[in-house]
Structure formats: structure tokens, C-alpha cells
Amino acid sequence: MKVNDIMTQLEAKHPGESEYLQAVREVLTSIEEVYNQHPEFEKAGIVERMVEPDRIFTFRVPWVDDNGKVHVNIGYRVQFNGAIGPYKGGIRFHPSVTLSTLKFLGFEQTFKNALTTLPMGGGKGGSDFSPKGRSDAEIMRFCQAFVTELWRDLGPDTDVPAGDIGVGGREVGYMFGMYKKLAREHTGTFTGKGRSFGGSRLRPEATGFGALYFVNRMCETHNIDLKGKTVAVSGFGNVAWGATMKATELGAKVVTISGPDGYIYDEEGINTPEKFNYMLELRNSGNDVVAPYADEFPNAEFFPGKKPWERKVDIALPCAIQNELNLEDARKLKENGVMLVAEVSNMGCTAEAVDFFIENKILFGPGKAVNAGGVACSGLEMTQNAMHISWSNEEVDRWLHQIMNDIHEQCVAHGREGDYINYVKGANIAGFMKVADAMMAQGVL
Ligand code: GLU
2 MKVNDIMTQL EAKHPGESEY LQAVREVLTS IEEVYNQHPE FEKAGIVERM
52 VEPDRIFTFR VPWVDDNGKV HVNIGYRVQF NGAIGPYKGG IRFHPSVTLS
102 TLKFLGFEQT FKNALTTLPM GGGKGGSDFS PKGRSDAEIM RFCQAFVTEL
152 WRDLGPDTDV PAGDIGVGGR EVGYMFGMYK KLAREHTGTF TGKGRSFGGS
202 RLRPEATGFG ALYFVNRMCE THNIDLKGKT VAVSGFGNVA WGATMKATEL
252 GAKVVTISGP DGYIYDEEGI NTPEKFNYML ELRNSGNDVV APYADEFPNA
302 EFFPGKKPWE RKVDIALPCA IQNELNLEDA RKLKENGVML VAEVSNMGCT
352 AEAVDFFIEN KILFGPGKAV NAGGVACSGL EMTQNAMHIS WSNEEVDRWL
402 HQIMNDIHEQ CVAHGREGDY INYVKGANIA GFMKVADAMM AQGVL
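Just so you know, we're using the numbering used here here: the sequence shown kicks off at 2 and counts up by one.
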């Protein structure tokens, strides 16, 4: 396999799908050497099959706003790879969503899910619908319209969606409700459900908590004490919220959060229950702005139109959207002495930024390893639903901890380069080998 040849073919086949091509190039570059030691993979066309989704659904989502006006959005579900289990992955509602976005996310999800050690294939879905400023009734109608088209292709052993950007407990509730009505079955077909109808404890916190368990392992492995470290977080949604709470609990100080409008710098730390709850309030307001934080907590400062990566911090945690941290940001973080960067969002850093961190031996955790705690907890929700039981906080947290430590071990095992651990390479090789093995065993499909 020659990465450049495959990429040239893919670019010709899927022109303009830049995020998807970015994600594929990263994985293929990491695995090239290992792949070429396995002529049986080449013969079986593993890479050629792995980079194309099993199937894609694209559909019209018509819905009526509160004034009676009809709107039309595009809905998608990408069932990327089902080699190791039912398709599993979130639904994203955001105006930036394109097929390229969901193909990159579905591709990443395939390896991420393999890393969790749970039997889940990779999938992703969503729409270019913008929830910003929409009423509860509008959100409900949109969710119902989305699922009306998709429900036949979902199921607890077929395809299990969950949340992502723009989709939280409320949206999952509306989608699950419609699914249940149409399918006439109450199964674990969605995860991230409300606790009263099958949702797992800790699912809302799991992505952020899991990420900090992973970061903590990175620190321990390199004799770094997380206690007392300053942390820049971007975003202010569910993932940023969980990461901020767990970082605080582990003794670090989170000094920033951000939104599309700019970032907040809170020198005292975003570290009290009031501040955590206020993050939730901001998110639930549906306005997608972070500026009001500085009115609520006047010691904090708001920097309009800026990104938190200009601050001097020890640790940077992108928790918002893809490619939110570029080469220029990476350079600035290094100048300011950053020691660890971990993507809690999916592909939070551009390819150039990732290469820069690795070349400069700055510890770097890629999203598919760092943020796998979210989907891992979804896997635990599927297990609880299938068993018709509900586990305690302690039980779920114990699993989450164990899974994140296990992912860290896999990264170390495959990513050691002298005294540096290349977590990108480690995660990609470990995830790839598991999926490739399953594909080899199941024949040409
Ligand atoms: N959207 C999350 C992710 O990127 C969670 C997916 C899930 O729970 O299925 O991994």
C-alpha cells in the first residue's frame, strides 16, 4: 500500500471532501509500515474496503416552524463499518454538517469504537439543521421528522445512534420517542437516553471524565503531576463541561472556555458548582454564545473573536469542533510552554498542528483515544439495556476508568518511538489492527 497513491484515487473519487480525506490520510500514514508487513491485507483489499463506508443514507428533512413556515434540511446516516459490532456513533445537528463531515466522523468512530474493546462498529449521522434560537417545539418536530425517515435502518443490533454537537439528552429523547412509536419496540436503539427510560448513569459526563482519565494516565506515564497545572478548554457544551469538572477534581485549574463568539479567561479557575452549572445554563439557553459568563462572574474576562490558545497554559484541551486548533495556535501554545495537548473534540487539531506537536515532542492525545469514554459509556448503556438492568455510578465509573486505561496501554504498546510516545500512531495502529482482523475473518464483504 502506498498512502499517496490511495489518497490520489480517493481525492479523484470524492473531490472536495476535505475533512474525510484529512482523517483517512492521518490513519493511513500511521499504519503504512505495519500494513505493508501483512501481504494478506493487501491481497484482501482491506484498506480499499475500509476507507469506503458500508452505506450512506441521505434524505430530506422537512419540518414546520412555530410560524407555520416549512423548512427543509438534509439528513444523513453514514453506516461506516460493521465488522466488530452494530453501527454506533452520534448524530450531529450543526449548520456546518456536510457529507464530508459525517464521513470523517464515521471513519474515526470505527477505530475509536474498536479501541474501547466493546463490540461496536462505526457510524455517524446528522443534519445541517441549526438548533440555535429554535423553540423546544421546533426541536421536537425536527427530531421527529429526522427519525421518521431513518427508523427502518436502526435497531439495537443494527445501528445505535447517540448525541454529538447539537444533540443532547433532549434531542435523543425526542428521536428515541419517535423511533419507539414507529418500530413498536422499546429497546436500546439510542444511547444517551434519559435515566428514567434506560439511559446510563454518567453518560452525560463520560466523554469529559474519560478524557481526563486518559490525560491523567498520559501524565503519570511521563512523571507529570496533573495537580496544579493550568488548563485551557475550548467550547462550553457537554464535553467541555465534563472535562472541566474532572480536571478540577483531579487538582488542575481550568482557566478558559470558549464559544463561536470568543473566549472567557477566568484566572480564579472555572472550578465551583455554580460555574459548572452556569456552563449548562449557557448551553441550554440555545444561544451558542459564551460572553454572558463574564457578566455572571465579573472576575472573568471575555475576549471577543479570539481563541483560548493564546493563553499561557500547561495543558490545552480542544473540546469544541474539528480543526479548531491550527498550526499558528500550536506555535503559540509551544512558545508559552504547553506540555500536553489532548483532543477531547473529534479531530480538534488540523493535520499541520498535530505534526507540529509530534515533531516537537509535545505530548499529544488524538480524539479517537482521548474522547472514547463517551461512546464507551454508550456501549455500557447498550449492555445495561440488553440485560434490562441499571448499574450504579460506581459500577459505570469503574468500567470507564478501566477502558480508558486500557486504551492508553494500547497506544503505548503501538506508539512508542524511543522515549516519546506517539499516541496518534499508537491509537491508529491498535484500532486498525482490530478492525482489519475482524474483516479478514468475515470474508470479502
Ligand atoms: N458523538 C460521540 C462520539 O463522537 C458519542 C457517540 C456515541 O455515544 O455513540 O464519540
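Every residue gets a Cβ at the ideal spot worked out from N, C-alpha and C, and that includes glycine.
Please name the residue or residues paired with residue i in a DSSP beta bridge.
{"i": "Ala-317", "result": "Ala-233 and Val-342"}
{"i": "Arg-417", "result": "Ile-422"}
{"i": "Tyr-266", "result": "Thr-257 and Glu-302"}
{"i": "Asn-37", "result": "According to DSSP, Asn-37 bridges with nothing at all."}
{"i": "Val-73", "result": "Pro-63"}
{"i": "Tyr-88", "result": "Gly-122 and Asp-160"}
{"i": "Arg-26", "result": "The partner list for Arg-26 (beta bridge, DSSP) is empty, contrary to what the question assumes."}
{"i": "Arg-93", "result": "Gly-127"}
{"i": "Phe-112", "result": "Paired residues: none, contrary to the question."}
{"i": "Leu-326", "result": "Cys-350"}
Of the residues the options, which one's Cα is nearest the Cα of residue i?
{"i": "Val-234", "options": "Lys-125, Lys-313, Phe-358 and Phe-108", "result": "Lys-313"}
{"i": "Thr-208", "options": "Gly-169, Cys-220, Met-434 and Gly-229", "result": "Gly-169"}
{"i": "Gln-10", "options": "Val-35, Asn-37, Val-48 and Asn-82", "result": "Val-48"}
{"i": "Pro-305", "options": "Lys-44, Val-290, Asp-315 and Glu-172", "result": "Val-290"}
{"i": "Leu-364", "options": "Asp-315, Ile-408, Thr-351 and Glu-382", "result": "Asp-315"}
{"i": "Tyr-116", "options": "Lys-426, Glu-360, Gln-23 and His-39", "result": "The displayed chain sequence assigns Leu, not Tyr, to residue 116. The shortest Cα separation from Leu-116 among Lys-426, Glu-360, Gln-23 and His-39 belongs to Lys-426."}
{"i": "Gly-260", "options": "Gly-270, Ile-408 and Met-280", "result": "Met-280"}
{"i": "Val-232", "options": "Val-376, Gly-91, Asn-288 and Ile-265", "result": "Ile-265"}
{"i": "Asp-55", "options": "Asn-423, Val-413 and Gly-123", "result": "Gly-123"}
{"i": "Glu-53", "options": "Ala-241, Gln-38 and Leu-106", "result": "Leu-106"}
{"i": "Met-340", "options": "Ala-317, Gln-323 and Asn-327", "result": "Ala-317"}
{"i": "Ala-428", "options": "Met-405, Gln-443 and Glu-221", "result": "Met-405"}
{"i": "Gly-91", "options": "Ser-379, Val-4, Lys-133 and Phe-277", "result": "Ser-379"}
{"i": "Glu-139", "options": "Thr-192, Asn-68 and Phe-108", "result": "Asn-68"}
{"i": "Gly-270", "options": "Ala-253, Thr-192, Asn-285 and Gly-263", "result": "Ala-253"}
{"i": "Pro-319", "options": "Thr-273, Ser-19, Glu-41 and Trp-242", "result": "Trp-242"}
{"i": "Thr-99", "options": "Phe-198, Ile-57, Leu-328 and Cys-220", "result": "Ile-57"}
{"i": "Glu-410", "options": "Trp-392, Thr-222 and Ala-292", "result": "Thr-222"}
{"i": "Lys-194", "options": "Glu-186, Glu-172, Tyr-214 and Tyr-421", "result": "Glu-172"}
What I want to know is whether the C-beta of residue i ends up closer than 7 Å to one or more non-hydrogen atoms of ligand 1.
{"i": "Gln-110", "result": "yes"}
{"i": "Ser-131", "result": "no"}
{"i": "Lys-435", "result": "no"}
{"i": "Val-376", "result": "yes"}
{"i": "Gly-90", "result": "yes"}
{"i": "Asn-324", "result": "no"}
{"i": "Asp-165", "result": "yes"}
{"i": "Ser-379", "result": "yes"}
{"i": "Lys-194", "result": "no"}
{"i": "Lys-113", "result": "yes"}
{"i": "Asn-372", "result": "yes"}
{"i": "Phe-347", "result": "At residue 347 the sequence reads Asn, which differs from the Phe that was named. Asn-347 Cβ: within cutoff of ligand 1."}
In three-state terms, what does DSSP make of residue i?
{"i": "Asp-165", "result": "strand"}
{"i": "Phe-298", "result": "coil"}
{"i": "Pro-54", "result": "coil"}
{"i": "Ser-31", "result": "helix"}
{"i": "Arg-312", "result": "coil"}
{"i": "Thr-159", "result": "coil"}
{"i": "Gly-174", "result": "helix"}
{"i": "His-409", "result": "helix"}
{"i": "Gly-349", "result": "coil"}
{"i": "Asn-82", "result": "strand"}
{"i": "Phe-198", "result": "helix"}
{"i": "Phe-191", "result": "coil"}
{"i": "Gly-366", "result": "strand"}
{"i": "Leu-251", "result": "coil"}
{"i": "Thr-519", "result": "Nothing can be reported for residue 519: it is not among the residues displayed for the chain, which extend from 2 to 446."}
{"i": "Thr-273", "result": "coil"}
{"i": "Leu-227", "result": "coil"}
{"i": "Asn-217", "result": "helix"}
{"i": "Val-445", "result": "coil"}
{"i": "Ser-136", "result": "coil"}
{"i": "Ala-184", "result": "helix"}
{"i": "Glu-18", "result": "coil"}
Just checking: is the beta-carbon of residue i within a distance shorter than 8 Å of some beta-carbon in chain B?
{"i": "Lys-254", "result": "The structure shown contains no chain B; it holds only a single protein chain."}
* Mind listing, in chain order, the continuous beta strand (DSSP E) runs of no fewer than 3 residues lying wholly within the segment 373–406? => none
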